[in-house]
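Peer 1: Below you will find the structure I want to go over with you.
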């Protein structure tokens, strides 16, 4: 077998490996945007909190950017909580915080935001929705407990699964970026959210 073929096989295999975006120890590889208070708990859980008077959004972004990928993570948010996962946002939430706040240029308007919503009763974009593009269906969210969210991001398709069930799919906007960082949202001053087992596989 030629060296060229061996190199191709090795690179293909490497591209299917899962990597941990969050090491469970510190915020290495991440950068905070806004006034979110991010900390790592003793059990390796990432905790995001806000100051009560906070008005605008806060985010935690990967320093790396990704193209086609599968993302898997677990999240917990309190009843009434509002969070989300940003993908393909090259602005890195610059316009979601002060001093450049612009509600028409937040991450969901530049890239895509996968909604995490733990409100009682029906909402327009429940958890798993691709915010502003497609509402999720067949949502079975564990209120007050951990949930698994999986995002499949391809050039012409975004697919979302919640607790193993596909809940949303959309082709996206052809004019929007095809790659970018991964972001974790704290929506407002009442936001409290936890994440763990944040893994990504490039495709």
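Residue numbers (our numbering): 252 to 454.
A virtual CB, placed ideally from N, CA and C, is assigned to each residue, including glycine.
Decide if residue 388 is buried, meaning its Cβ has at least 16 other Cβ atoms within 10 Å, or exposed.
Peer 2: Label assigned to residue 388: exposed.
Peer 1: Determine the DSSP secondary structure at residue 307, reduced to helix, strand or coil.
Peer 2: Correct three-state label for residue 307: coil.
Peer 1: Apply the 10 Å Cβ neighbour rule to residue 457 and answer buried if 16 or more other Cβ atoms are within range, or exposed otherwise.
Peer 2: Look at the range of the chain in this structure, 252 to 454, and you will see that residue 457 is not part of it.
Peer 1: Let me know if residue 290 comes out buried or exposed under the rule of 16 or more other beta-carbons within 10 Å of its beta-carbon.
Peer 2: Exposed: under 16 other Cβ atoms inside 10 Å.
Peer 1: Alpha carbon to alpha carbon, how far is residue 321 from residue 307?
Peer 2: Computed Cα separation, rounded: 29 Å.
Peer 1: Kindly confirm or deny that the region 424-433 and the region 284-299 touch, where touching means at least three C-beta pairs closer than 8 Å.
Peer 2: Touching, no.
Peer 1: What is the rounded straight-line gap between the Cα of residue 339 and the Cα of residue 316?
Peer 2: When rounded, the distance between both Cα atoms is 8 Å.
Peer 1: How about residue 273 and residue 381: do their beta carbons lie closer than 8 Å?
Peer 2: It is not a contact, given that the beta carbons lie outside the stated cut-off.
Peer 1: Where does the unbroken alpha helix (DSSP H) through residue 430 begin, and where does it stop?
Peer 2: Here residue 430 belongs to no alpha helix (DSSP H), and DSSP marks it neither H nor E.
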